[in-house]
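Those protein sequences? They're chains A and B, same order as listed.
1 is the number of the first residue of the first sequence in full-length UniProt numbering; add one for each residue after it.
1 is the number of the first residue of the second sequence in full-length UniProt numbering; add one for each residue after it.
The beta carbon of each residue, even a glycine, is placed where N, CA and C say it ideally should be.
Please read these numbers as outputs of a predicted model, since none were measured by experiment.
Below: one structure, written as structure tokens.
There are 2 protein chains.
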Amino acid sequence: MAPESDRTAGPLYRRVAEDLRQAITSGRYGPAGQLPTEAELARHYDVSRGTLRQALAILRTDGLVTSRRGTRRVVLGTARVQSFSEMLSFTQWARSIGQEPGGLLHSLVRRPADSIECEQLRLESGAEVYAAVRLRTLAGTPVMVEHTSYPARVGSLVAELPFDAVSHSDKLRQHGIYFADAQHVIDVVPADARDAKLLSCRRGSSLLRERRRTTDSNGIPVEWSQDHYLPGTVAFSVHNSHASSSLSRHARRSR
Amino acid sequence: MAPESDRTAGPLYRRVAEDLRQAITSGRYGPAGQLPTEAELARHYDVSRGTLRQALAILRTDGLVTSRRGTRRVVLGTARVQSFSEMLSFTQWARSIGQEPGGLLHSLVRRPADSIECEQLRLESGAEVYAAVRLRTLAGTPVMVEHTSYPARVGSLVAELPFDAVSHSDKLRQHGIYFADAQHVIDVVPADARDAKLLSCRRGSSLLRERRRTTDSNGIPVEWSQDHYLPGTVAFSVHNSHASSSLSRHARRSR
DNA sequence: CAGTGGTCTAGACCACCAT
DNA sequence: TGGTGGTCTAGACCACTGG
Chain A
1 MAPESDRTAG PLYRRVAEDL RQAITSGRYG PAGQLPTEAE LARHYDVSRG TLRQALAILR
61 TDGLVTSRRG TRRVVLGTAR VQSFSEMLSF TQWARSIGQE PGGLLHSLVR RPADSIECEQ
121 LRLESGAEVY AAVRLRTLAG TPVMVEHTSY PARVGSLVAE LPFDAVSHSD KLRQHGIYFA
181 DAQHVIDVVP ADARDAKLLS CRRGSSLLRE RRRTTDSNGI PVEWSQDHYL PGTVAFSVHN
241 SHASSSLSRH ARRSR
Chain B
1 MAPESDRTAG PLYRRVAEDL RQAITSGRYG PAGQLPTEAE LARHYDVSRG TLRQALAILR
61 TDGLVTSRRG TRRVVLGTAR VQSFSEMLSF TQWARSIGQE PGGLLHSLVR RPADSIECEQ
121 LRLESGAEVY AAVRLRTLAG TPVMVEHTSY PARVGSLVAE LPFDAVSHSD KLRQHGIYFA
181 DAQHVIDVVP ADARDAKLLS CRRGSSLLRE RRRTTDSNGI PVEWSQDHYL PGTVAFSVHN
241 SHASSSLSRH ARRSR
């Protein structure tokens, strides 16, 4: 294939996708320009059309290009989607945006799982979890309180970490705990007493909440987390298209 | 192919995907069970492995099954992802969850676009937009205030609609305006005076905000909307995996 | 080691768009 | 009507998992 796309390792279609992403975000085809034909691109990269289409599918999902039968692909924008890993790890995310992450472990206890944890972590009632509460900071400023529950198998590893450890997901990966899938639910919730104390906000004031259940590659839950962000500190962004959507909106019970 | 999957129209891989989705959510393989081999499934449906893999890719994106080299696919859960159309249209969404949607047009004006609208709708400075403010209700209860701006081309159609029209996207589709891509940003924002009045909440209280830019199949913006939800009424849900992610988290400017 | 999903190829035909 | 992306096929080889 063309020399400019040999830079990184991994499957061919990913290298092609990265090269195309670079070309698009650098403006080679203009802000709303047309891409060359699939046949032309395949010839250029010296790959089959199937492989090229795998590459384009990535850019399609990221919202970088359109795709429509009968017409050439059009540049949609310069979306900068984060990797799965960056989305899960506060530490990796912070560093990827050039900010210095900080963490303060407020508490870490081992106790029987409550009913919500049993359901989310698929545990038998009575099983034990490790429940951690951490304050997260960006450049020293409090941003988020993280309530995370781990099943015993995972939690025992977390418990061995030093109190001032910044990244936990790194450590877990070293012990063979891989995160593969996550389901996120985003809404608004009032601050409880602990949130208020750690974040220096009024009790009952609104926080942006992200609830997240992460599973490994076998579908076994490895983490259940409720992250409470101070308003105005972060926003969540999702791309969506006729071709693929993993986003939905839920009605919550009226109280 | 097998008779049970001839029900719907459309491409073969979609019909296979829907049949498999049905099989999985009905529990045929168990809550965390293994799927048959790709080869077996392809034989069962009498399709090529490539087509079968297209079907499985859909279920993968929806978070229904895992996929990992060397092992069979495992049932992850029974995620119920909404269609793109349901995600965009309040009316379609409400009906899909069995609730009766209502709408009250608060104002609809034609005026020059402000700087944010120019950027979001890719308009020349000075171009005109139609700006609508609508109160949305579920079963008669106020849920959300929608601030939507349309470029003139689209807005002139919206302006022709009766004041009590519930669904606008239906009408636009009839006039050849198709929604193809959307970018969503979700965060928390204080209620302004108008929000407070329409939603009967205190001014300055927190609302869940969804900002959305929708484009047609040529990448041309057709809608820019800021939806302000009362806390506790809705939540947004996204699935995410090592294989594909269209989700990211942004830091907002500190004020 | 055998089984399984991941990657890649080469070619065919079709549906849709613009002209 | 010609160009383009969407769909589908048949086959090959590889990387990884698990016994």
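Residue i, enclosing alpha helix (DSSP H) - first and last residue
{"i": "S115(B)", "result": "115-121"}
{"i": "Q92(B)", "result": "90-96"}
{"i": "I186(B)", "result": "Careful: I186(B) lies outside any alpha helix (DSSP H), inside the beta strand (DSSP E) at 181-190."}
{"i": "H44(B)", "result": "38-45"}
{"i": "residue 259(A)", "result": "Because chain A spans 1 through 255 in this model, residue 259(A) falls outside it and cannot be assessed."}
{"i": "L64(B)", "result": "No alpha helix (DSSP H) holds L64(B); DSSP gives it neither H nor E."}
{"i": "A243(A)", "result": "From DSSP, A243(A) is part of no alpha helix (DSSP H); its letter is neither H nor E."}
{"i": "S206(A)", "result": "Unbroken run through S206(A) is the beta strand (DSSP E), 206-215; no alpha helix (DSSP H)."}
is_contact[residue i, chain A] using C-beta, thresh 8 angstroms
{"i": "R255(B)", "result": "Confidence is the limiting factor: at R255(B) the pLDDT is only 41, short of 50, which leaves the residue's position unreliable and the question unanswerable from this model."}
{"i": "V175(B)", "result": "Note on residue identity: the sequence assigns His, not Val, to residue 175(B). Closer than 8 angstroms: no."}
{"i": "G63(B)", "result": "yes"}
{"i": "T37(B)", "result": "no"}
{"i": "L172(B)", "result": "no"}
{"i": "H242(B)", "result": "yes"}
{"i": "R252(B)", "result": "yes"}
{"i": "L138(B)", "result": "yes"}
{"i": "A235(B)", "result": "yes"}
Closer than 8 angstroms to chain B by CB, residue i
{"i": "T99(A)", "result": "First, the amino acid is wrong: residue 99(A) is Gln here, not Thr. Yes, Q99(A) lies at the interface with chain B (some Cβ there is under 8 angstroms from its Cβ)."}
{"i": "F219(A)", "result": "It is Gly, not Phe, that sits at residue 219(A) in the sequence shown. So, interface residue."}
{"i": "V238(A)", "result": "yes"}
{"i": "I186(A)", "result": "yes"}
{"i": "V47(A)", "result": "no"}
{"i": "G232(A)", "result": "yes"}
{"i": "A2(A)", "result": "Residue placement at A2(A) is poorly supported in this model, since its pLDDT is 42, which falls under 50; the coordinates still yield a value, given next. So no, A2(A) is outside the interface."}
{"i": "R68(A)", "result": "yes"}
{"i": "residue 305(A)", "result": "For chain A, the structure presents residues 1 to 255; residue 305(A) sits outside this window and is missing."}
{"i": "H44(A)", "result": "no"}
{"i": "A180(A)", "result": "yes"}
{"i": "Q120(A)", "result": "no"}
{"i": "R249(A)", "result": "yes"}
{"i": "S245(A)", "result": "yes"}
{"i": "residue 274(A)", "result": "It is not possible to answer for residue 274(A), since the shown part of chain A is limited to 1 through 255."}
Cut-off 7 angstroms between Cβ atoms - residues of its own chain near residue i, not counting five sequence neighbours on either side
{"i": "R134(A)", "result": "G103, L104, L105, H106, E146"}
{"i": "L88(A)", "result": "S169, F179, A182, T214"}
{"i": "L198(B)", "result": "H106, L135, P142, V145"}
For residue i, the first and last residue of its enclosing beta strand (DSSP E)
{"i": "R194(A)", "result": "No beta strand (DSSP E) contains R194(A), which is instead part of the alpha helix (DSSP H) from 193-199."}
{"i": "D227(A)", "result": "221-229"}
{"i": "S107(B)", "result": "101-112"}
{"i": "H168(B)", "result": "It is not in any beta strand (DSSP E) - H168(B) instead sits in the alpha helix (DSSP H) that spans 168-174."}
{"i": "V81(A)", "result": "Note, V81(A): premise wrong, no beta strand (DSSP E); not H, not E."}
{"i": "L135(A)", "result": "128-138"}
{"i": "S248(B)", "result": "247-251"}
{"i": "V143(A)", "result": "141-151"}
Residues near residue i in its chain [Cβ-Cβ closer than 8 angstroms; skip 5 each side]
{"i": "Q120(B)", "result": "S149, R213, P221, W224"}
{"i": "S156(B)", "result": "Y130"}
{"i": "L247(B)", "result": "V238, N240"}
{"i": "Y29(B)", "result": "A23, L35, V75"}
{"i": "S244(B)", "result": "R60, T61"}
{"i": "V154(B)", "result": "Y130, L172, I177, V222, E223"}
{"i": "H175(A)", "result": "L157"}
{"i": "Y229(A)", "result": "V143, M144, L207, L208, R209, E210"}
{"i": "V65(A)", "result": "I24, L35, L56, L59, R73, V74, V75, L76"}
{"i": "P115(B)", "result": "It should be pointed out that residue 115(B) corresponds to Ser in this sequence rather than to Pro. Excluding sequence neighbours, S115(B) sits near S125."}
{"i": "R49(B)", "result": "E38, A39, A42"}
Close Cβ partners of residue i (< 6 angstroms) along its chain, the five nearest in sequence each way excluded
{"i": "V188(B)", "result": "S206"}
{"i": "T51(A)", "result": "L12, Y13"}
{"i": "F236(B)", "result": "I186"}
{"i": "A132(B)", "result": "L108, T148"}
{"i": "G204(A)", "result": "P190"}
Task: Near-chain A residues of the region 87-118 of chain B (beta-carbon distance less than 7 angstroms), N- to C-terminal order - done: M87, W93, I97, Q99
TODO: Scan the region 192-226 of chain B for residues whose Cβ lies nearer than 8 angstroms to a Cβ of chain A and list them as they occur along the chain.
DONE: S205, S206, L207, L208, T215, S217, N218, G219, I220
Task: Residues within the region 72-88 of chain A neighbouring chain B, beta-carbon criterion of under 9 angstroms - done: V74, V75, L76, G77, A79, R80, V81, Q82, S83, F84, S85, E86, M87, L88
- [ ] Report the residues of the region 121-133 of chain A with a CB closer than 7 angstroms to any CB of chain B, ordered along the chain.
- [x] none
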